[in-house]
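I have placed the structure first, in the form of structure tokens, so that the comments after it can refer back to it.
Number of protein chains: 4
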Amino acid sequence: MSADITQPQGGWLSPDQMQGARDQVPLVYLDAIPVRVDEAGVLRQVGLLLRATQDGMLTRTLVSGRVHKGERIRDALLRHLEKDLGPMALPRVPVSPQPFTVVEYFPDPGVTGFYDSRHQAVSLAFIVPVFGDCEPTQSALELAWLDPTEAISPDVLVEMVGGRDRLLRMALAHAGVLP
Amino acid sequence: MSADITQPQGGWLSPDQMQGARDQVPLVYLDAIPVRVDEAGVLRQVGLLLRATQDGMLTRTLVSGRVHKGERIRDALLRHLEKDLGPMALPRVPVSPQPFTVVEYFPDPGVTGFYDSRHQAVSLAFIVPVFGDCEPTQSALELAWLDPTEAISPDVLVEMVGGRDRLLRMALAHAGVLP
Amino acid sequence: MSADITQPQGGWLSPDQMQGARDQVPLVYLDAIPVRVDEAGVLRQVGLLLRATQDGMLTRTLVSGRVHKGERIRDALLRHLEKDLGPMALPRVPVSPQPFTVVEYFPDPGVTGFYDSRHQAVSLAFIVPVFGDCEPTQSALELAWLDPTEAISPDVLVEMVGGRDRLLRMALAHAGVLP
Amino acid sequence: MSADITQPQGGWLSPDQMQGARDQVPLVYLDAIPVRVDEAGVLRQVGLLLRATQDGMLTRTLVSGRVHKGERIRDALLRHLEKDLGPMALPRVPVSPQPFTVVEYFPDPGVTGFYDSRHQAVSLAFIVPVFGDCEPTQSALELAWLDPTEAISPDVLVEMVGGRDRLLRMALAHAGVLP
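Chains as they are written, first to last, in our numbering: chain Z, 276 to 454; chain E, 276 to 454; chain S, 276 to 454; chain W, 276 to 454.
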């Protein structure tokens with residue numbers, strides 16, 4: 276069991292390679308729900324990213340992405356958390372490899388209620404407490420920290436797509452703080 | 276959320292297609308540990324399959340296999356259980372999509388201790404009680420039901436490959452019956 | 276590890292003894308959410324008990340009760356399930372001792388949102404598929420099987436007390452079917 | 276849901292009161308497995324306390340203790356961790372109330388294999404990463420940090436009593452690092 280970070284050298288794929296893989300098999304994905312906790316470990320706030328879609332719509336989303344070939348799940352979690360929350364977020368990846376749930380995204384919304392127009396993905400979902408300073412990077416416009424009641428208000432949930440509003444409520448339920 | 280069994284029409288791949296996918300991405304896999312339980316739900320026996328490898332070695336293994344494109348995890352579980360235990364096994368797939376652990380198989384045994392020479396796979400592991408008659412099919416020579424103490428005896432564990440001896444002990448630990 | 280059902284001989288307490296214990300320590304409780312599943316293990320319906328409170332109000336509730344001295348958790352689960360659903364319910368108690376959540380009931384609703392005016396209780400919560408015929412016994416007037424969408428409708432949730440509406444939604448979330 | 280630490284004012288019991296409660300009901304207990312993790316969250320070391328029993332025998336044990344009346348589980352966890360590891364240990368209590376397992380201690384070792392000569396206890400078990408400086412307090416003579424292979428060596432396991440050697444291996448299994 277290596278202590279080194281796994282090297283996803285073969286991870287980055289050209290659009291053609293990506294399409295080839297999508298055509299053959301479900302992809303391994305991750306969803307991370309960034310949270311702030313208090314001293315006793317109680318979930319106090321959830322971090323939601325505000326993002327503009329290609330057609331200009333604003334959506335709220337969670338940290339999410341693909342596991343590359345050659346990469347361990349933990350290292351993929353850290354990579355996506357750093358990509359979306361910046362290098363100073365100090366996330367604490369859970370000690371157990373057991374996700375709190377597994378989400379199955381299909382191009383057809385009717386199969387599970389979770390969907391992704393691009394491909395089928397099997398996503399391991401983790402709640403990840405962060406202790407440092409977050410600054411949204413890349414395509415995210417803003418990171419908003421909301422308490423559980425704010426997070427599940429109808430005007431927030433309506434801005435989440437692909438079923439992530441349900442995933443958010445599942446995470447709050449697992450943490451024992453679903454209002 | 277469809278009640279119908281998902282159709283993995285695009286699931287079967289030619290050897291070339293399979294190799295193509297393996298070269299690009301980790302595969303989504305399942306491990307199922309078939310068990311017998313008593314009336315109170317206590318795990319009493321574990322079902323291990325005896326199989327001959329291509330070079331004639333006998334190995335003991337668990338129910339394991341790939342999730343096809345277009346297929347739900349639950350349906351893949353049922354398909355692999357039926358393939359290995361026969362159509363009358365009456366398996367009870369767990370109500371929650373949360374696996375008891377996630378195993379990362381790499382071609383290099385040094386990364387996680389779990390390995391598969393063919394490819395990288397991310398495997399969701401479930402304990403599945405079976406209530407009917409099992410008859411090993413396909414490549415399995417025999418299905419042996421062992422109580423937890425027999426199952427972790429050195430001469431049984433030594434016949435398991437790829438780290439599945441560890442997975443078996445992890446399953447017994449999760450069920451509260453690791454001796 | 277005994278295969279016999281544990282004997283809660285010292286389990287039944289007089290009102291004075293019960294009050295004495297309540298004054299000193301939190302009590303060990305169980306909550307069981309009875310469910311119907313389909314062949315693939317998907318939760319299709321939740322069983323809610325209709326009960327009249329002492330002041331004549333109708334409430335909907337889950338299977339719930341105390342673990343007796345000398346009794347194993349699994350045996351307490353079976354005892355309460357049989358008491359509330361009848362002897363032909365054929366419940367399948369989970370193979371793992373890990374509850375899907377732990378609920379802390381306090382006499383003060385402000386501590387956790389879960390409350391019981393009589394005492395503090397730490398309750399292990401399990402989802403329990405039942406496969407037989409249920410007939411509510413004892414104080415329950417009716418057992419209603421509701422699909423997830425019906426179960427979380429406002430007019431059902433409002434009839435649940437002590438925070439059990441939240442527990443019900445937490446169970447649906449864990450099962451991956453929270454609407 | 277109060278942010279304040281719950282006040283276990285009624286928590287401390289006289290020996291007579293304690294005996295009275297023990298005679299009537301199972302007690303609510305906690306087991307915490309203190310661990311060191313690396314940046315990716317992988318469990319690297321387990322903290323075992325060395326303690327002298329009343330008859331002078333040396334035993335290795337985990338952080339363990341009772342939940343007081345009026346006390347939340349999280350606050351009891353923090354209290355026992357501080358009592359055993361000192362005030363600078365900086366433990367990170369998990370965000371979910373779901374324990375990784377539940378252990379049932381009986382005065383009779385034959386019931387579950389977990390035993391406590393004093394009483395029956397239902398113990399919620401959590402893996403707790405600690406990030407600060409630990410100094411064993413009270414009755415503990417020493418705190419030893421062992422990697423998973425050292426921790427399950429026969430000469431360490433033989434020094435653990437009441438079934439805690441099994442609990443330790445169950446924790447390592449849940450964390451994915453059982454050798």
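Note that beta-carbon positions come from the ideal geometry of N, C-alpha and C, so glycine has one too.
Every value quoted in this text rests on a predicted model; they were computed, and no experiment measured them.
Top-ranked residue by Cα proximity to residue i, from the options
i, options, result
"M332 of chain S", "S:A415, S:L453, S:L302", "S:A415"
"E346 of chain S", "W:D306, W:I348, W:L442, W:Y380", "W:Y380"
"A364 of chain Z", "Z:G385, Z:V452, Z:L353", "Z:L353"
"L356 of chain E", "E:G437, E:V386, E:V405", "E:V405"
"P290 of chain E", "Z:Q299, Z:L305, Z:G388", "Z:Q299"
"L399 of chain Z", "E:T387, E:G361, E:S339, E:V377", "E:V377"
"V370 of chain E", "E:V386, E:R349, E:T387, E:P362", "E:R349"
"G407 of chain S", "S:P384, S:P382, S:T424, S:G361", "S:G361"
"T424 of chain Z", "Z:V436, Z:M435, Z:C409, Z:R444", "Z:R444"
"F401 of chain Z", "Z:P382, Z:G286, Z:H449, Z:T412", "Z:H449"
"V342 of chain E", "E:M293, E:V321, E:D383", "E:M293"
Straight-line gap, residue i to residue j (C-alpha atoms, nearest Å)
i, j, result
"D440 of chain E", "A296 of chain S", "45 Å"
"D359 of chain E", "I308 of chain Z", "37 Å"
"D313 of chain E", "S392 of chain W", "28 Å"
"P283 of chain S", "V368 of chain S", "Because the pLDDT at P283 of chain S is just 49, under 50, the model does not fix this residue reliably, and the point stays unresolved."
"A426 of chain W", "L432 of chain W", "7 Å"
"P372 of chain W", "L302 of chain S", "17 Å"
"V310 of chain W", "Q329 of chain E", "42 Å"
"A351 of chain Z", "E417 of chain Z", "22 Å"
"K344 of chain S", "F389 of chain Z", "45 Å"
"P429 of chain S", "L421 of chain Z", "24 Å"
"F375 of chain Z", "V452 of chain Z", "14 Å"
"G438 of chain Z", "Q395 of chain S", "37 Å"
"V436 of chain W", "C409 of chain W", "23 Å"
"V386 of chain E", "D383 of chain W", "43 Å"
"P366 of chain E", "V403 of chain E", "6 Å"
"A327 of chain S", "E434 of chain S", "11 Å"
"Q320 of chain E", "A315 of chain S", "22 Å"
"P411 of chain S", "L442 of chain S", "21 Å"
"P454 of chain E", "G286 of chain E", "40 Å"
"L397 of chain W", "V338 of chain W", "Note on identity: in this sequence residue 397 of chain W is Val, with Leu being the wrong assignment. Cα-Cα distance, rounded: 15 Å."
Helix, strand or coil at residue i according to DSSP, with G and I counted as helix
i, result
"L421 of chain Z", "strand"
"G316 of chain Z", "coil"
"E357 of chain W", "helix"
"L352 of chain W", "helix"
"P517 of chain W", "Because chain W here runs from 276 to 454, residue 517 of chain W falls outside it and cannot be looked at."
"D391 of chain S", "coil"
"P362 of chain Z", "coil"
"R335 of chain S", "strand"
"R297 of chain W", "helix"
"P384 of chain Z", "coil"
"P369 of chain S", "coil"
"P454 of chain E", "coil"
"D456 of chain E", "Because chain E here runs from 276 to 454, residue 456 of chain E falls outside it and cannot be looked at."
"M276 of chain Z", "Any reading at M276 of chain Z must be qualified, since the residue scores a pLDDT of 38, below 50, and its modelled position is unreliable; the value itself is stated next. Looking at M276 of chain Z - three-state DSSP - the assignment turns out to be coil, as it is neither helix nor strand."
CB-CB length for residue i against residue j, believed under 8 Å
i, j, result
"F419 of chain W", "L325 of chain W", "One point to set straight first is that residue 419 of chain W is Ala, not Phe, in the sequence displayed. Yes, they are in contact, since the Cβ atoms of A419 of chain W and L325 of chain W sit about 7 Å apart, within 8 Å."
"G340 of chain S", "L305 of chain S", "6 Å"
"V335 of chain W", "L323 of chain W", "In the sequence as displayed, the identity of residue 335 of chain W is Arg instead of Val. With 8 Å as the limit, R335 of chain W and L323 of chain W qualify as a contact, their Cβ atoms being about 4 Å apart."
Residue-chain proximity (residue i, chain B), Cβ-Cβ < 7 Å
i, result
"M435 of chain Z", "Considering every chain present, this structure includes no chain B. Its protein chains are Z, E, S and W."
> Hey, which unbroken runs of the beta strand (DSSP E) at 3 residues or more fall wholly within the region 397 to 447 of chain Z?
Replying inline: 415 to 421
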